[in-house]
Amino acid sequence: MSETSRTAVPEGHRNPRGSRLFALICALIPLLGAIACGTDPAEQARELIKAGELDPALEILREAVEKNPDDPQINLMYGRALITNQQPSLAAWPLRRAASHPDYAVPANMALAHSLVNTNNNHDAVRAAERILAIEPDNKEAVRLRLRARQQNRDNPEAIEDLDLLIAAFPDELNLREQKFSALVDLERFDDAASELKALRTAVEARDDIGDHAFALLCTREAGLERSRGEEEAAEAKIEACLADHPESQAVFLTAVEFFDAVRKPERALEILRTKAEERPNDMELFRAISVRLADMGERDEARKMLEDAADRLQTPKSWLLLRNFLIDEDDLPGAKRASDQLLGAFARHPVDSANFDYARIPEQHLFESAIVMAINGDYERAREMQSKLTEKSLDGLLEARLLYEQGQLAEALDVWEEAFRAFPSNAGARYLAGIAALRLGEDGRAIEHLRNSLRADSSATDAGFVLARVHTARGEPKLALDPLNYHMLGHPDDIQALRVQARLAARVGNNEVLGAARSGLAVNHNRVGEAVADQARDLDALNGPERALEFLEKDVTIELDDVANIEALAAWFERMARLGRAEEGLPRVEKVVEAHPDVADVQALHGVALVLLERPADGRGALERALAIDAEHKQALMARAQLDREDGKLEAASTGYEAAFDADPRDPTPIYALAEMWIGAGNHDRATTRLRELLIDQPWEGRAAQQLAALRLEGGDHGDETLRDAQQASIFFADPGPDAFETLGRVQLAREETQAAVQSLRRAASLSGGRPGGLYRIGSALADAGDQDAAIRSFETALAMGEFPEAEQTRAALDALRPAPEG
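Okay, here's the thing in structure tokens:
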């Protein structure tokens with residue numbers, strides 16, 4: 013074979029194993045009698061393909077193409093065989109070569125178009141289909157292929173042209189009209205869409221072979237059209253009519269639940285789910301959906317009771333599994349353990365404490381998960397017993413790592429996990445915990461790797477994407493935080509908080525594309541216009557000041573601030589008014605909304621905050637209490653009331669309030685920092701230290717907590733290894749504490765007589781702070797200890813030139829000690 017012919021076929025096409033296999037088959041012809049070796053290669057390949065021997069057929073065709081690169085029949089067969097072998101990208105070149113021959117142009121372009129459209133090469137697929145239509149204008153298969161490519165490319169006007177051709181040719185294919193209707197809606201040609209939907213209903217009514225399902229779907233499409241027009245009342249009326257007319261339709265049921273969720277009427281969605289659950293008392297998926305909604309609405313006790321009653325009644329593994337998982341989400345670990353025992357008993361058909369209990373009857377995955385539940389409950393003996401029954405090595409390794417993790421042996425757990433990941437790399441939950449363990453050990457590089465792998469394995473399984481974004485943000489890398497948030501949103505499309513964080517970060521780094529998509533998604537997809545507008549105003553305030561934000565809220569947006577649906581936008585407006593010294597002027601607008609909607613917790617909370625700000629604490633407390641009577645977990649109301657308790661000297665009540673505010677939103681540590689500040693101000697450093705340590709264990713990226721812990725220890729005279737570790741952790745996650753992180757680290761290093769390291773840390777603090785005088789004093793002290801007197805003098809002099817500061821006298825004394833004594 014010449015060098016030219018060797019390079020004519022890509023390396024990926026060669027299969028020496030296929031040639032050997034074909035030679036073996038030829039040797040067995042007396043037994044098989046199926047293949048004529050040495051005859052026409054096309055026939056040989058055809059027989060092999062019929063026999064299911066695709067690899068040797070491909071090898072024959074590859075060699076035939078090398079020998080006869082312009083043979084259209086061989087090229088066509090080779091391309092089709094490659095597509096069958098899941099190699100569509102390699103199929104393109106032989107099919108194009110075959111298509112260049114007039115006699116093979118149609119079948120080769122047809123195969124090529126199929127291949128291209130299935131790999132989303134839509135523009136090329138359209139061109140291939142049009143080459144067929146240029147030869148055979150009535151080829152409807154080519155029109156269908158072109159339609160698919162145009163639809164995938166969202167070329168709706170062109171797709172409608174193809175749909176019209178197909179509707180004319182196949183008037184009985186009603187799905188074509190439905191596709192045209194959807195394309196018209198996407199183009200916002202609502203009148204045309206209504207006409208098409210009317211034509212579709214007429215066509216359905218004319219058929220006697222169509223059941224209620226088609227009419228139910230039509231009903232949902234009609235409701236969807238009204239909503240697309242912006243006519244939500246008409247859409248709601250239509251949805252209710254669909255429910256009444258088609259009570260058995262799953263499509264109507266799902267559409268109705270989705271609709272009422274979208275228009276923020278969760279009570280009606282829940283009512284529909286309850287009705288369906290009464291019809292299907294054994295459908296645990298319905299009970300799961302209801303329990304999730306009840307929990308989201310704060311009705312956790314009712315959600316729990318519903319699942320417990322269902323599990324007690326059904327006694328099936330699935331019912332106990334759903335209850336156990338719900339209890340884990342609720343942090344009821346003892347309850348989860350009891351449910352796990354019931355789950356094991358349901359599989360084994362004997363109670364777990366019976367003499368006849370047999371672990372062998374339990375699927376290994378469920379045995380593994382139950383052992384995890386025992387481990388997180390601290391029942392290590394039971395977990396080890398279950399571990400001994402596992403036969404799959406990868407599950408054994410993952411369980412061993414989890415046991416070590418729960419027992420606080422983080423370094424050992426991380427090593428075992430990483431060994432287990434060699435065989436089982438895609439366990440999202442284990443990868444997530446490995447990332448958290450690495451963070452707690454101060455190994456942020458390893459942590460980021462594991463969190464990324466967790467996210468890749470399953471973005472919906474954990475909040476790895478959100479945590480990874482927090483890590484990057486804490487490390488001063490906000491741009492790097494956007495990508496994991498994108499993946500997180502794919503797995504958690506209803507995570508409103510993450511969506512708002514994504515928009516805020518995008519605004520911070522100037523990524524207008526992500527910012528626009530996130531804010532638009534919040535407003536349009538989640539019907540949270542008020543939150544989107546409020547966030548935009550706060551961003552404008554940060555960039556351009558409160559005047560520009562106020563102008564935006566009063567002139568640039570079209571929403572009604574006095575509409576209770578936009579209460580957060582009103583809150584943002586009042587915040588800006590207060591910042592400009594106009595709170596008294598803004599209060600009547602808030603009180604107007606309070607008068608109209610006294611039973612809305614957000615409204616009462618805003619009123620309470622406004623009254624406190626205007627130094628009317630008694631009235632403010634009354635409004636806050638009314639907010640909490642409506643919603644006992646209202647975060648802003650809890651925070652504001654805790655602050656009032658603190659100012660009144662009711663420290664224990666304030667502590668309870670701050671903890672409740674944190675429990676309402678554990679992602680936001682602001683209440684814990686307020687709590688720690690309160691105890692520090694009261695001189696109770698032990699309680700502040702304990703709570704900050706708990707926060708840092710739970711959220712290791714909280715550099716501010718690490719910095720405060722190190723500073724508190726240092727103030728108490730402790731500059732040991734733990735103090736140093738906290739200070740170093742703060743310097744890794746420095747974005748929140750800012751220069752304080754490096755200043756505290758420098759002070760710890762000075763106390764440990766690590767002078768050179770201290771100089772570097774304090775210089776970093778100075779560069780971040782723009783040269784705070786206190787930091788310059790500490791830098792000068794470190795430089796003096798290091799023997800660099802000239803640099804120390806310059807640092808002291810610069811600090812003193814900035815005016816008075818707490819360490820000014822010490823700075824002067826240190827400077828006098830370094831300056832040479834006057835002569836004479």
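The opening position of the sequence shown corresponds to residue 13 in the working numbering, with each subsequent residue numbered one higher. No residue lacks a Cβ here, since even glycine has one placed at the ideal position from N, Cα and C. Keep in mind the model is a prediction, meaning the values are calculated, not measured.
Discussion item. Between the alpha carbons of L157 and P114, how many angstroms are there, rounded?
Written reply: Approximately 21 Å, taken between the alpha carbons.
Item to complete: Compute the minimum distance between the beta carbon of P749 and the heavy atoms of the ligand PLP, and state whether it is under 7 Å.
Response: The ligand PLP is not part of this structure, which contains no ligands at all.
Discussion item. As a quick exercise: from R759, T570, D52, pick the residue whose alpha carbon is nearest that of G787.
Written reply: R759
Fill in: Whether A140 touches L128 by CB criterion (8 Å)
yes
Practice prompt. Evaluate contact between the region 424-444 and the region 392-412, counting only Cβ atoms and requiring at least three cross-stretch pairs below 8 Å.
Written response: yes
Item to complete: Quick one: which unbroken beta strand (DSSP E) runs of 3-plus residues sit fully inside the region 478-541? Chain order, please.
Response: none
Item to complete: Put V364 into one of helix, strand or coil per three-state DSSP.
Response: If DSSP states are grouped into helix, strand and coil, V364 belongs with coil.
Fill in: Rounded separation between F380 and L422 - CA only
20 Å
Worksheet item: If you pair each beta-carbon of the region 472-479 with each one of the region 488-503, do three or more pairs fall below 8 Å?
Response: yes
Discussion item. Closest to P106 by C-alpha separation, out of N97, N165, V118, D82, would be which residue?
Written reply: D82
Fill in: For A228, the first and last residue of its enclosing alpha helix (DSSP H)
Taken as a continuous stretch (DSSP letters only), the alpha helix (DSSP H) holding A228 covers 224-240.
Worksheet entry | Cβ pair L636, A649 closer than 8 Å | yes
Fill in: Complete alpha helix (DSSP H) runs within the region 332-407 (minimum length 4 residues, chain order)
345-360, 376-388, 392-399
Item to complete: Name the two residues that bound the continuous alpha helix (DSSP H) containing V264.
Response: It spans 262-274 - the alpha helix (DSSP H) in which V264 sits, taken as one unbroken run.
Fill in: Spatially closest choice to A211 from D568, T287, D828, D184, by CA coordinates
With distances taken between Cα atoms, A211 lies closest to D184.
Worksheet item: What span of residues does the alpha helix (DSSP H) with N168 cover, start to end?
Response: Residue range 168-181 is occupied by the alpha helix (DSSP H) that includes N168.
Worksheet item: The alpha helix (DSSP H) with V569 in it runs from where to where?
Response: Premise fails: V569 is in no alpha helix (DSSP H) and is neither H nor E.
Discussion item. Below 8 Å, how does it come out for the region 462-472 and the region 715-725: are there three or more Cβ pairs, yes or no?
Written reply: no
Practice prompt. Output yes or no for whether 8 Å exceeds the beta carbon distance between L534 and A544.
Written response: yes
Worksheet item: Mind checking Q98: buried by the 16 CB within 10 Å criterion, or exposed?
Response: exposed
Worksheet item: When the distance is taken between beta carbons, is L774 closer than 8 Å to E755?
Response: yes
Worksheet item: Since F808 and L827 are thought to touch, with beta carbons under 8 Å apart, how far apart are those beta carbons, to the nearest angstrom?
Response: 4 Å
Worksheet item: Mapping DSSP to helix, strand and coil, what is D313?
Response: helix
Discussion item. Across the region 360-371 and the region 338-350, are there enough close Cβ pairs to call them in contact, namely three or more that are closer than 8 Å?
Written reply: Proximity of the region 360-371 to the region 338-350 falls short of the contact definition, fewer than three beta-carbon pairs being nearer than 8 Å.
Worksheet entry | Residue from A459, A442, A493, I744 with nearest C-alpha to A469 | Answer by Cα proximity: A442.
Discussion item. Suppose contacts are defined by Cβ-Cβ distances below 8 Å. Is A666 in contact with M651 by that definition?
Written reply: no
Item to complete: Measure from the alpha carbon of E418 to the alpha carbon of each residue in F436, R396, L402, N439, then state which is nearest.
Response: R396
Practice prompt. Return the CA-CA distance between L177 and E142, expressed in angstroms with no decimal places.
Written response: Taking the straight line joining both Cα atoms gives about 14 Å.
Worksheet item: Assuming S400 contacts S352 under a Cβ cut-off of 8 Å, what Cβ separation, rounded to an integer in Å, is found between them?
Response: Not confirmed; about 17 Å, so no contact.
Practice prompt. Pull up the CB-CB distance for Q741 and G454, whole angstroms please, since I reckon it's below 8 Å.
Written response: 6 Å
Discussion item. For E55 and K79, what's the separation of their Cα atoms in angstroms?
Written reply: 16 Å
Item to complete: Assuming A486 contacts A747 (C-beta within less than 8 Å), just tell me the rounded distance between them.
Response: 5 Å
Worksheet item: Helix, strand or coil for A123 per DSSP?
Response: helix
Item to complete: Keeping to the same chain, check which residues put their C-beta closer than 6 Å to that of A111; ignore five residues upstream and five downstream.
Response: The answer, listed in chain order, is A117, A120, N121.
Discussion item. According to DSSP, is W719 part of a helix, a strand, or is it coil?
Written reply: The sequence as given places Gln at residue 719; Trp does not occur at that position. Q719 falls in the helix class under three-state DSSP.
Fill in: Candidates K647, E659, R784: closest to Y670 by CA position
K647
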